[in-house]
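Asker:
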Amino acid sequence: MAASQPREESKAIPLKILIDRENNKVVAVESTKDFVDTLFSFLSLPLATIIRLLSNNDQQQQSSESSPFLGSIKKLYETVQNLTPNDVWNNPVYKQMLLNPKNPCESLCMNLFMNIDDTESSSKFFVCDSCYMFSTFQNLDCTCGKPTNKQPNNLDSEGQGNEVQNEVFVKENGSLFLVFDDLKIVPCSLMTSVERLVELGYSDLSKLEEVTHNFGKQEVIVLCFVL
Ligand SMILES: [Zn+2]
17 MAASQPREES KAIPLKILID RENNKVVAVE STKDFVDTLF SFLSLPLATI IRLLSNNDQQ
77 QQSSESSPFL GSIKKLYETV QNLTPNDVWN NPVYKQMLLN PKNPCESLCM NLFMNIDDTE
137 SSSKFFVCDS CYMFSTFQNL DCTCGKPTNK QPNNLDSEGQ GNEVQNEVFV KENGSLFLVF
197 DDLKIVPCSL MTSVERLVEL GYSDLSKLEE VTHNFGKQEV IVLCFVL
């Protein structure tokens, strides 16, 4: 969504990071629910959205080059991009649907402090004039054969049972979480933290250094898909 992108791009979440200086490695990140909610929202992203997000800069493109799976999906995405409407499409809207699929958790993700998904919001609905079936895409062929091109007035697309503004996937109760470099996430308690660090070979915690860093949207994408 072009209008909200700059605002989203300028957001940052301050995080405490445990660093292993000897091996130049981030061991774990202590985070609030905002960061964990954003990480969890990656599971709701359609493949085409992931490919589009990764195409934004060179560092992120490396991940699709190093992963055969992402590399193939990227080629598929580019193929759809380059097929002109007259080539194959039953309806030009289908091309738009494949390149910009809707996030099934869109209404929840719109409440995230940092929303990674830049797909245009589907708060608009288009209704078939004949049988009143609806779609979030305009001019789609309805099953009755007519196009979905009528836009109803005053349709409330908000409020899908999530009435608490600050709560998205994770409860807002002040809890902290530990995010490890393999993206394993555990609630932050003394026992789980120590157990996991020992598992990773850090029985001597004096080798770890704590620093604070602000994570912006692009850094979160790199964390999830590149590192
Ligand atoms: Zn219809």
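In this note's numbering, the protein residues as written are 17 to 243.
Cβ coordinates follow ideal geometry from the N, Cα and C atoms, glycine included.
(1) Taking 6 Å as the cut-off, is the CB of residue 149 close to at least one heavy atom of ligand 1?
(2) Helix, strand or coil: how does DSSP classify residue 82 here?
(3) Buried or exposed: which applies to residue 148, given that a residue is buried once 16 or more other Cβ atoms fall within 10 Å of its Cβ?
(4) DSSP state of residue 67, grouped into three classes?
(5) Measuring from the CB of residue 166, is there a heavy atom of ligand 1 at a distance below 6 Å?
(6) Considering only heavy atoms of ligand 1, does any lie closer than 6 Å to the CB of residue 162?
(7) Rounded to a whole number of angstroms, what is the C-alpha to C-alpha distance between residue 234 and residue 61?
(8) Drop a sphere of 10 angstroms on the beta-carbon of residue 41, count the other beta-carbons inside from all chains shown, and report buried for 16 or more, exposed for fewer.
(9) Does the separation of the CB atoms of residue 226 and residue 34 fall below 7 Å?
Answerer: Taking the definition as stated:
(1) yes
(2) helix
(3) exposed
(4) It is helical.
(5) no
(6) Residue 162: yes, Cβ under 6 Å from ligand 1.
(7) Residue 234 and residue 61 have their C-alpha atoms roughly 16 Å apart.
(8) exposed
(9) yes
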